[in-house]
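Here's the structure, in structure tokens; my notes come after.
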Amino acid sequence: GAQILCTVLLIKPGAWSHSLARILRKLDLEKFTVVGMKHINLEPDIASGLLSSEVRQDPTVLEAHCTYLTSGTALVLCLQRLNAVKKLIDLLGPEDPKQAQALDPFLWRAQYGISTVQNGFYGSKSYQIAVRDMKLFFPEGLCCAECQTLEEEEV
């Protein structure tokens with residue numbers, strides 16, 4: 001059955017400063033619980049680690065993404081809910097805001113994204129990646145309800 005899981009949402013530089021209240025309200029409406037939140041200035045190596053292998057294959061594209069991700073403060077949230085990973089990815093939509101717009105104007109990247117690089121958000125693509133992201137961004141631990149799965153993953 002459905003499990004209560006955690007996932008990581010990174011709101012990219014520039015996207016959260018003027019729309020944070022709206023984004024938090026959307027998360028609440030979608031029944032996500034915020035169990036961790038911090039401002040972060042991404043280091044280039046961490047920024048590139050968040051990018052897909054397709055993006056990393058093209059040096060020009062990789063550089064554009066890294067430059068943008070390290071250009072300002074990002075806000076990283078750890079979110080908890082049933083099937084959190086899939087639900088968040090479904091809400092964000094395709095990485096290209098134009099594709100997201102064509103699919104559904106209510107997708108988050110359609111609403112907050114400007115381009116494939118400045119698409120507003122990063123979300124963990126799988127549970128394994130979510131666990132990696134939680135360890136990376138929240139090494140001090142999280143304030144979520146004692147959750148068996150997280151203990152097993154040593155988060």
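Going by the UniProt record's numbering, 109 is the number at position 109 of the sequence shown; the sequence numbering is gapless. By construction, the Cβ of each residue, glycine as well, lies at the ideal position given by its N, Cα and C atoms.
Per DSSP, residue i forms a beta bridge with which residues?
i: Gln80; result: Cys6 and Thr33
i: Ile40; result: Ala74
i: Phe137; result: Answer by DSSP bridge pairing: none, since Phe137 is not bridged.
i: Tyr122; result: Leu10
Output needed for residue i: all residues of its chain with C-beta closer than 7 Å, excluding positions within five of it in sequence on either side, in chain order.
i: Ile64; result: As written in the sequence, residue 64 is Ala, which differs from the Ile given in the question. These residues qualify, in order along the chain: Val117.
i: Leu9; result: Leu77, Leu79, Leu88, Phe121 and Gly123
i: Leu42; result: Leu69, Thr70 and Ala74
Residues in its own chain within less than 6 Å of residue i by CB, not counting five upstream and five downstream?
i: Phe106; result: none
i: Leu92; result: Trp108, Arg109, Phe121 and Gly123
i: Ala15; result: Tyr112 and Gly120
i: Gly141; result: none
Count the other CB atoms, across all protein chains shown, that sit within 10 Å of the CB of residue i; report buried if there are 16 or more and exposed otherwise.
i: Thr60; result: exposed
i: Ile23; result: buried
i: Ala47; result: buried
i: Leu82; result: exposed
i: Asp58; result: exposed
Report all residues from its chain with a CB closer than 8 Å to the CB of residue i; omit the five preceding and five following residues, and keep chain order.
i: Ala84; result: Ile4, Leu5, Cys6, Thr7, Phe32 and Ala130
i: Ser19; result: Tyr112
In whole angstroms, what is the alpha-carbon distance linking residue i and residue j?
i: Thr70; j: Ile40; result: 10 Å
i: Gln80; j: Val34; result: 6 Å
i: Gln99; j: Phe138; result: 32 Å
i: Ile11; j: Leu75; result: 5 Å
i: Pro94; j: Leu27; result: 18 Å
| said: Three Cβ pairs or more, each shorter than 8 Å: is that satisfied between the segment 99-113 and the segment 47-55? | reply: no
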